[in-house]
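In mature numbering (1 follows the signal peptide of the UniProt record, and there is no 0), the protein residues as written are -22 to -1, 1 to 78. We treat Cβ as the ideally placed atom computed from N, Cα and C, and that holds for glycine.
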């Protein structure tokens, strides 16, 4: 059974666990989920690798309903790790740091 003092320490830790994953350091700047591609480029510079997937189109070239542009950016390696970013419609939705 948890004691009240355990809960006092556990709750702030859980709150900051999501915050830690929602930010990434680029030099002295921080980028956050929800930032635009322009903001990320200003803070981190151009990515080392990038790939764009344009929205799926119909035969006549008109984009399909609910189709979106998805971009993948990679920075690094920095100290042996790569930073992978995923944008949907130029909005940062996912960040991952890993060793490839």
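Taking the alpha-carbon positions, what's the residue i to residue j distance?
{"i": "residue 55", "j": "residue 61", "result": "8 Å"}
{"i": "residue 1", "j": "residue 15", "result": "14 Å"}
{"i": "residue 34", "j": "residue 73", "result": "24 Å"}
{"i": "residue 17", "j": "residue 47", "result": "18 Å"}
Near residue i, which residues of its chain fall below 7 Å by C-beta distance, leaving aside the five closest residues on each side in sequence?
{"i": "residue 59", "result": "75, 76, 77"}
Shortest alpha-carbon distance to residue i belongs to which of the options?
{"i": "residue 45", "options": "68, 53, 32, 5", "result": "32"}
{"i": "residue 5", "options": "48, 12, 19, 47", "result": "19"}
Going along the chain, which residues of its own chain have a beta-carbon closer than 6 Å to the beta-carbon of residue i, five neighbours each way excluded?
{"i": "residue -7", "result": "A caution first: residue -7 carries a pLDDT of 47, below 50, which makes its placement in the model unreliable, though a value can still be read off. If we look at residue -7 and ignore the five residues flanking it on each side, it has no Cβ neighbours."}
{"i": "residue 68", "result": "14, 15"}
{"i": "residue 11", "result": "-1, 70"}
{"i": "residue 30", "result": "49"}
{"i": "residue 8", "result": "1"}
{"i": "residue 65", "result": "15, 49"}
Apart from the five residues on each side of it in sequence, which residues of its chain come closer than 8 Å, Cβ to Cβ, to residue i?
{"i": "residue 52", "result": "25, 26, 27, 28, 60, 61, 62, 63"}
{"i": "residue 42", "result": "33, 34, 35, 36"}
So what does DSSP say about residue i, is it helix, strand or coil?
{"i": "residue 59", "result": "strand"}
{"i": "residue 7", "result": "strand"}
Count the CB pairs spanning the region 21 to 28 and the region 38 to 47 that are closer than 8 Å, and state whether there are at least three. no
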